[in-house]
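Enquirer:
Number of protein chains: 2
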Amino acid sequence: MNIVEKYGGTSVADLDKIRAIAQHVKEMKEAGHNVILVASAMGKTTNKLIEMATALGGHTNDREMDSLLSTGEQRTITLLAMAIDALGIPAISLTGYQCGFITSHHHAHARIKDIDITNLQKHLDDGKVVVVAGFQGATEHGEITTLGRGGSDTTAVALAAKLGWDCYIYTDVNGVYTIDPRMYPKAKRLKEITYNEMMQMACLGAGVLETRSVELASKYNVRLFLGKALEKDKSKGTFIMEKTKNLEDMPITGISIKEDYAIMRVNDLPNDGIFLGELFTLIAKLDINLDTISQQLTHDGKVNFSFYCNKKQSDTILKHIDELNSKYPISRLLGFVKLSVVGVGISTHSGIAAKVLSTLNAHNIRYYMITSSEISISLTIEEKDKQKAIEVLGEAFDL
Amino acid sequence: MNIVEKYGGTSVADLDKIRAIAQHVKEMKEAGHNVILVASAMGKTTNKLIEMATALGGHTNDREMDSLLSTGEQRTITLLAMAIDALGIPAISLTGYQCGFITSHHHAHARIKDIDITNLQKHLDDGKVVVVAGFQGATEHGEITTLGRGGSDTTAVALAAKLGWDCYIYTDVNGVYTIDPRMYPKAKRLKEITYNEMMQMACLGAGVLETRSVELASKYNVRLFLGKALEKDKSKGTFIMEKTKNLEDMPITGISIKEDYAIMRVNDLPNDGIFLGELFTLIAKLDINLDTISQQLTHDGKVNFSFYCNKKQSDTILKHIDELNSKYPISRLLGFVKLSVVGVGISTHSGIAAKVLSTLNAHNIRYYMITSSEISISLTIEEKDKQKAIEVLGEAFDL
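Residue numbers (full-length UniProt numbering), protein chains in the order written: chain F, 1 to 399; chain S, 1 to 399.
1. Roughly how many angstroms lie between the CA atoms of Thr-194 (chain F) and Thr-60 (chain S), to the nearest whole one?
2. Out of F:Asp-116, F:Thr-46, F:Asp-126, F:Gly-254, which has the shortest C-alpha to C-alpha gap to Ala-161 (chain F)?
3. Would you tell me roughly how many angstroms separate the C-alpha atoms of Leu-80 (chain F) and Asp-14 (chain S), rounded to the nearest one?
4. By the three-class DSSP mapping on this structure, what secondary structure does Val-341 (chain S) have?
5. Could you tell me whether the segment 139 to 146 of chain F touches the segment 106 to 113 of chain F, using the rule of 3 or more Cβ pairs below 8 Å?
6. With C-beta atoms as the reference, is Ala-158 (chain F) less than 7 Å away from Cys-167 (chain F)?
7. Take Ala-133 (chain F) and list the residues in its own chain whose beta-carbon comes closer than 6 Å to its own, dropping the five residues that flank it on each side.
8. Spatial neighbours of Val-35 (chain S) within its chain, please: CB distance less than 7 Å, with the 5 preceding and 5 following residues excluded, ordered by chain position.
9. With a threshold of 7 Å between beta carbons, is Met-82 (chain F) in contact with chain S?
10. With a cut-off of 7 Å, does the C-beta of Thr-46 (chain F) fall near any C-beta of chain S?
11. Compute the Euclidean distance between the alpha carbons of Lys-258 (chain F) and Thr-54 (chain S), then round it to the nearest angstrom.
12. Which runs of the beta strand (DSSP E), 3 residues or longer, sit entirely within the segment 14 to 68 of chain F?
13. Going by DSSP, name the residue or residues bridged to Val-208 (chain S).
14. Tell me whether Ala-389 (chain S) sits in a helix, a strand or coil according to DSSP, three-state version.
15. Got a sec, what are the start and stop residues for the beta strand (DSSP E) Ile-144 (chain F) sits in?
16. Beta carbons nearer than 8 Å to chain F: which residues of the segment 92 to 105 of chain S have them?
17. What's the call for Glu-197 (chain S), buried or exposed, on a 16-neighbour Cβ count within 10 Å?
18. Along chain S, which residues have their Cβ under 7 Å away from the Cβ of Asn-267 (chain F)?
19. Report the neighbours of Ile-115 (chain F) on chain S: residues whose CB is nearer than 7 Å to its CB, in chain order.
20. Could you name the residues of the same chain whose beta carbon sits closer than 7 Å to that of Arg-19 (chain S), not counting the 5 residues immediately before and after it, in chain order?
21. Would you report the Cα separation of Leu-290 (chain F) and Leu-333 (chain F), rounded to the nearest angstrom?
22. CA-CA distance, residue 414 (chain F) and Ile-377 (chain F)?
23. Could you tell me which residues DSSP pairs with Tyr-184 (chain F) in its beta bridges?
24. Count the other CB atoms, across all protein chains shown, that sit within 10 Å of the CB of Leu-120 (chain F); report buried if there are 16 or more and exposed otherwise.
25. Can you give me the C-alpha to C-alpha distance between Lys-327 (chain S) and Gly-273 (chain S), rounded to a whole angstrom?
26. Going by C-alpha to C-alpha distance, which of S:Thr-103, S:Asp-66, S:Gly-254 sits closest to Gly-345 (chain S)?
27. Below 8 Å between beta carbons is the criterion; list the residues of the segment 9 to 20 of chain S that meet it against any residue of chain F, in chain order.
28. Could you say which of F:Arg-63, F:Leu-56, F:Leu-69 lies nearest to Gly-43 (chain F) if we only look at CA atoms?
29. Distance cutoff 7 Å, beta carbons only. Does Leu-190 (chain S) sit that close to anything in chain F?
30. Would you check if the distance between the CB atom of Tyr-184 (chain S) and the CB atom of Gly-343 (chain S) is smaller than 7 Å?
31. For the pair the segment 234 to 241 of chain F and the segment 219 to 226 of chain F, tell me if three or more CB-CB distances fall below 8 Å.
32. Starting from the beta carbon of Gln-74 (chain F), find every residue of chain S whose beta carbon is closer than 7 Å, and list them in chain order.
33. Since I believe Glu-192 (chain F) is in contact with Ala-202 (chain F) (beta carbons under 8 Å), could you give me their beta-carbon distance rounded to a whole number of angstroms?
34. Specify whether the segment 265 to 272 of chain F and the segment 352 to 361 of chain F touch according to this definition: at least 3 beta carbon pairs, one from each stretch, less than 8 Å apart.
35. Quick check on Gln-296 (chain S): buried or exposed, where buried means 16 or more other Cβ atoms within 10 Å of its Cβ?
36. Any C-beta of chain F sitting closer than 7 Å to the C-beta of Ala-55 (chain S)?
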């Protein structure tokens, strides 16, 4: 097999872990597999570097931050290459730049424009294990960039896509669970999940994998695996793919929670859309993507309007609301979470929405906005009901 | 003025020191000077990285070591650039590669082939303070290289040479002394020293500056200054230049000591040169440059032969001596040092050699091999006499 393996920060936190990965790579090579490693910075390195930069007042200097942070991955990959090489398996490290990751010039959140694999391919042809720095690239002018949140996963998936290889993302969790096990210890590990379900889980808050890398895997049909580093039993982990085998058995794949929700409301607007137009222009200018928007006509022809966003975004909006010079006050309610029931079975199994609502009703859990897509049903509930809702829905759908 | 300032590891060891350098740069810019900084890795960073690599068995992997070690300087320069920028002085960091340092492919001891200053010049033209990573460069193929011992000094001098700027090397010592103050506390600081004297002092063991950077400064006539970081009083430091003003006053500039000397001897060789030819071929193969060689004809037409090298080199030679299958045994004497009296005045002031020898004689200090050059007289003495020799010569020449 041809596998891109990605190791996160906790998996390479010390020299013993690096030695163990080197040993694993040796076994993979001896079994005839081709391996590319993608690695993050060791342990808490990135946080420590950010602390130093902050102390110097430089954390907002994106160009220098990118060059600073990129050293973290560079150290990991050289140490990994040395450790593998010391076991008699030829290995070489490549920084983002050396591996041909050409990105946009947007420091701190660059997009990959292309991967020029000439150099990488030469080393693969020589039979070497190539160890690539995650999270980083460079512009055509040799300026060092980083890819933003989840960047190392993106590096790994992009390489796998470019080469047509499989991509194994190793982390400190044993795959994807139906519900975050910290909230619901009885949660089951999923053997398989579709790209679409995973993206819903990710963008709705499950947090094990950024939407961006799943999106990329989906676009290029990269077979993804998510599991614990150095766990030999691959049944302990989750494959993410176009179509899973267990479509019929399990209408619901899981539940994800997005915390810290705010409901923003404006009541008794005239039905001319003028204020809403101005409000949306402001919100777009603040670079905020609203989550859910709802408006209702009242019996006397006015409009009650509400939208949902996270608390931080609502802070930003309230800080700038004066710019509108509006006579319509915006009120904010805090203390909500968004609960989403996710599964490709939702569109083919009827009655799932009804079962969700009746379960919540039976336990006196109040829900606000409800939205649904082909593969998800989302409800805004009060923070205080979160744990109870997870438990009763987890029981009801056998998650 | 246009100044390249180089800061060594101890001068950038913590964030407070980085802040202080940033403040100093601000004052320099406000006084109308143009500044380029060259920085080493912070404090003990390089040693720590070497330890990690050694623990993984990778310290002999020169290619990976270069990429690993180069991250040390990269961190310093980004932090420095942030700190300067945070004071409102536009600054940018450039890695060796970004600064156009194109080197040979010899990892761990690469030679600078050229500096393509296009990128650097653009930032200078924009009025920025440019902070350059010392010690590193890259091949035409983007492979990261390091310049070996004293590499950051070489970076600074090479930049100054290319741009025609002055070069201030900041370290933790207050300039060049007549004798190492740890051996002779009464030693005087030199206000000025010539390139040639400095090279003699360096290659004969004074250790404050590598010969290579002085050689480069001499070749391009770069005005060098060596002093303590952030010391405002520039009279506390040493200028290194083509010709000093005090040529006439001071025939002797200083004394330098090279420790751990071995004398190797072969006696009663036939006078046909065969054995010596074989021996020198072996020594060249072992990549050893012999220091001093001497042969004497005995009264019965045989040759007594001896040479001097440091203890480590003598170990290497003895380990390989069997390859010669010689019937002439090599004996080794340990416990010597090489003491050198250095000064451009030596060639113009007569009687200096006589004064050195009579001073040593008067204190019963025995000397072995004596060699001399235009600007130095060197003697091999016993380790046990080192301190006494330094003191009596220091007194005699008022050093």
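Glycine residues also receive a C-beta, built at the ideal position from the N, C-alpha and C atoms. Please read these numbers as outputs of a predicted model, since none were measured by experiment.
Expert: By the coordinates alone:
1. 46 Å
2. F:Asp-116
3. 28 Å
4. strand
5. yes
6. no
7. Glu-73, Gln-74, Ile-77, Thr-95, Gly-96
8. Ile-3, Glu-5, Val-25, Met-28, Lys-29, Val-129
9. yes
10. no
11. 45 Å
12. 34 to 39
13. Answer is none; Val-208 (chain S) lacks a bridge partner.
14. helix
15. 144 to 146
16. Ile-92, Ser-93, Thr-95, Tyr-97, Gln-98
17. buried
18. Those within 7 Å of Asn-267 (chain F) in chain S number zero; the least Cβ separation is about 46 Å.
19. Ordered by position in chain S, no residue passes the 7 Å Cβ test against Ile-115 (chain F), which lies about 15 Å from the chain.
20. Ala-83
21. 16 Å
22. This structure leaves residue 414 (chain F) out entirely; chain F is present only between 1 and 399.
23. Paired residues: none, contrary to the question.
24. buried
25. 14 Å
26. S:Gly-254
27. Leu-15, Ile-18, Arg-19
28. F:Leu-69
29. no
30. no
31. yes
32. Ser-67, Thr-71
33. The pair is not a contact, with the Cβ atoms about 16 Å apart (cut-off 8 Å).
34. no
35. exposed
36. yes
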